[in-house]
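Position one of the sequence shown corresponds to residue 17 (my numbering), numbered consecutively onward. These notes concern the structure reproduced below.
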Amino acid sequence: VQDPKHAKKTARNQLHSGARLLVLGNNVMLYRHLLTLAQAKNHAIYIRDVVNVDKQDDGAAYRLFHSDVLEQMYQNELENNEMQSLFVYLFVLGDLFDSYLNRNIFHKERIIMAMRGYFFLNMWAEYIES
């Protein structure tokens, strides 16, 4: 990955890809989860971010990993057990990207965020391999 912005777009596009199934714990992350979020009454992402997407859209990647999406999921969709893995994915990766891109974070917090992402991705890779 070339830079954090590119990584953010790649992480967003993985959710749109049908070539890979993203498994986290007992759940999978599916395209329809994003569509459900975009079609909700108080949506934080737009339909255009989910349907006929521009894969290079920085704004769409920014909106997907924004805390407003996590808030929407927490308030409305998290009781749906299927969405828990998507919540974790968006939280941890959004935190990781924020640790690189946000200029208002102190060094200690930045290191904690980056290490959380590092350990999460390593544990997830080990889980998938086993």
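Even glycine gets a Cβ: it sits at the ideal position worked out from N, Cα and C. Keep in mind the model is a prediction, meaning the values are calculated, not measured.
- Setting aside the 5 residues that flank it on each side, Leu38 is surrounded in the same chain by Met45, each with a C-beta closer than 6 Å to its C-beta; the list follows chain order.
- If you check the CB distance, Lys57 and Asn29 do not come in under 8 Å.
- When the beta-carbon positions are compared, Lys21 and Asp84 stay at least 8 Å from each other.
- Non-local beta-carbon contacts of Ala60 in its own chain, meaning distances under 6 Å to residues more than five positions away in sequence, involve Asp84, Val85, Gln88 in chain order.
- Looking from the CA of Thr26, the closest CA among Asn68, Asn97, Ala54, Leu109 belongs to Leu109.
- Taking the C-beta atoms as reference points, Leu40 is found nearer than 8 Å to Ser101.
- Annotation for Asn43: no alpha helix (DSSP H) segment contains it, though the beta strand (DSSP E) segment containing it runs 43-45.
- The residue from Thr52, Val67, Tyr62, Ser146 with its alpha-carbon nearest to that of Ser33 is Val67.
- DSSP assignment within the segment 47-123 yields the following whole alpha helix (DSSP H) runs of 4 residues or more, N-terminal first: 47-55, 74-80, 83-88, 100-117.
- In the DSSP assignment, Leu40 is bridged to Asn43.
- Per DSSP, the continuous alpha helix (DSSP H) segment holding Gln30 begins and ends at 20-32.
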